[in-house]
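J.: Numbering (my numbering), first residue to last: 64 to 250.
Structure below; questions to follow.
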């Protein structure tokens with residue numbers, strides 16, 4: 064007979080399993096526990112997810128549409144929208160759960176907001192799988208996430224997980240506008 068410390072995940076009480084899942088989501092697979100700049104590591108997870116999806120476009124879509132000189136798979140865009148919405152929705156829940164458990168309004172180890180905001184940057188900018196756009200989008204997102212221009216700072220006052228996530232969505236919107244501007248300038 065196993066003691067409580069030796070129980071498997073499946074045998075753990077439901078609340079404990081929910082907390083573990085929430086922790087994995089909220090910390091982006093433990094990226095939020097990096098000893099320095101956890102938000103930057105969370106953003107890098109968002110870059111990686113987006114890049115992996117772009118690299119494997121052919122797996123998701125045989126038909127392409129052309130926008131701004133870039134070939135895009137229409138089903139791929141739908142998949143990215145769905146993934147960003149899923150990360151955002153589950154992120155709200157996980158961020159709120161970790162905030163409640165830690166008794167901190169916006170715990171530094173919760174980085175799913177950065178993952179979501181970073182992916183939103185690329186989605187709204189229709190960023191191609193070009194390392195320059197990925198790097199510029201990453202830099203712009205981090206700048207706006209740290210700076211928190213209006214209304215990002217005010218969005219932090221929203222309750223629970225909404226406040227944790229919303230400021231990063233706004234930073235993602237600003238960063239996407241920056242990427243559109245870079246593209247318009249021919250960069």
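C-beta: ideal position from N, C-alpha, C; glycine also.
If you're wondering where the values come from, they're calculated on a predicted model, not measured in any experiment.
Just verifying my parser: in three-state terms, what is the DSSP assignment at residue 254?
T.: Coverage of the chain is limited to positions 64 through 250, which leaves residue 254 absent and any answer about it impossible.
J.: On the criterion of 16 or more Cβ atoms from any shown chain inside 10 Å, does residue 217 qualify as buried, or is it exposed?
T.: That one is exposed.
J.: Return yes when the Cβ of residue 234 is within less than 8 angstroms of the Cβ of residue 207, no when it is not.
T.: Against a cut-off of 8 angstroms, the Cβ pair of residue 234 and residue 207 comes out as a contact.
J.: Would DSSP call residue 152 helix, strand or coil?
T.: Note: residue 152 maps to helix in three-state DSSP.
J.: For residue 205, count neighbouring Cβ atoms within 10 angstroms of its own Cβ and tell me buried if that reaches 16, exposed if not.
T.: Classification for residue 205: buried.
J.: Mapping the DSSP letters down to three states, classify residue 183 as helix, strand or coil.
T.: Note: residue 183 maps to helix in three-state DSSP.
J.: Taking 8 angstroms as the cut-off, decide whether the C-beta atoms of residue 108 and residue 85 are in contact.
T.: No, these two residues do not count as a Cβ contact at 8 angstroms.
J.: Of all the options 111, 221 and 176, which has the alpha carbon lying nearest to the alpha carbon of residue 157?
T.: Taking only the C-alpha atoms, the option nearest residue 157 is 176.
J.: Is residue 117 helix, strand or coil when you go by DSSP?
T.: Helix at residue 117.
J.: First and last residue of the alpha helix (DSSP H) that includes residue 217?
T.: From DSSP, the alpha helix (DSSP H) with residue 217 extends over 215-218.
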